[in-house]
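Numbers -22 to -1, 1 to 153, taken from mature numbering (1 follows the signal peptide of the UniProt record, and there is no 0), label the letters of the sequence shown in order.
Quick reminder that beta carbons are idealized off the backbone N, C-alpha and C, glycines included.
Because the structure is a prediction, the values reported are computed rather than measured.
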Amino acid sequence: MKLHAPAIALVVALSLTVSGCAAVGEKINGKPASASGDGEKVEVTKTPEPQFQPKQVEPIVAKDPTEPVKDEGLGVQWRIMSVKQGTTGGAQFLIEMKNLNEEFAVPQSAVGEPTLTLKSGGPVNLMQVEDQGLDAPLGALATTIVSYTFNTSPWNLSNAELKIGNAVFKGYLNL
């Protein structure tokens, strides 16, 4: 009996407190606790999340191929990190892509395919290799390295032009 006395006292105290709150609420609202909220309508709305919207802008030409370019149309920054011989041949560009948007991700479809043009030989095709381009949406303020491999040798890039998004890199691209 002595062991159950504190538990019984706790149950009695809680029941008095809860019933006392109901009585106080009835005095304040003028309604019994069971009727409070009757006739009130609550509408829940969800704030729409911001969506990525690319802008139509003129391409920005890098002053120097080694410097980053801010792409206002996509809200990203591009920088050529390096160019090397790809594992299956070709010239593999490693490009840093930084999302400057604070509220939303940049989808893969927004980037499109880059183009490479050699002044001595015209356009160069992208090679079909694994892990090419952006493989998932790039989150807000995130940075990643994207890889693109073109069907040419890195040594042919002494006078070339790479377009990615709204950024253009010209000149000696064998970095």
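- The distance from the Cβ of N77 to that of A40 is about 19 Å, inconsistent with a contact at the 8 Å cut-off.
- Ranked by how close their Cα comes to the Cα of D49, the residues P43, D42, V35 and V61 have V35 in first place.
- The residues L78 and N79, in chain order, have a CB closer than 6 Å to that of G53 in the same chain once the five nearest residues on each side in sequence are set aside.
- Residue pairing by DSSP places Q63 opposite A69 in a beta bridge.
- For F147, the closest C-alpha among the options P92, P32 and S87 is that of P92.
- Contact check between the segment 114 to 132 and the segment 56 to 74: three or more CB pairs, one atom from each, fall below 8 Å, which counts as touching.
- Scanning L116, D42 and A83 for the CA closest to the CA of G149 turns up D42.
- Looking at the DSSP output, M75 bridges to W56 and T122.
- The beta strand (DSSP E) runs of length 3 or more contained entirely in the segment 86 to 132 are, from start to end of the chain, 93 to 96, 100 to 102 and 121 to 128.
- For L151, the secondary structure class from DSSP, reduced to helix, strand or coil, is coil.
- A distance of 9 Å or more separates the beta carbons of L116 and F71.
- Annotation: A83 is outside any beta strand (DSSP E) and is labelled neither H nor E by DSSP.
- Straight across, the Cα-Cα distance linking K33 with G143 is about 11 Å.
- One thing to note: N152 has its Cβ within 9 Å of the Cβ of P132.
- Between the C-alpha atoms of Q106 and G51 there is a straight-line separation of about 27 Å.
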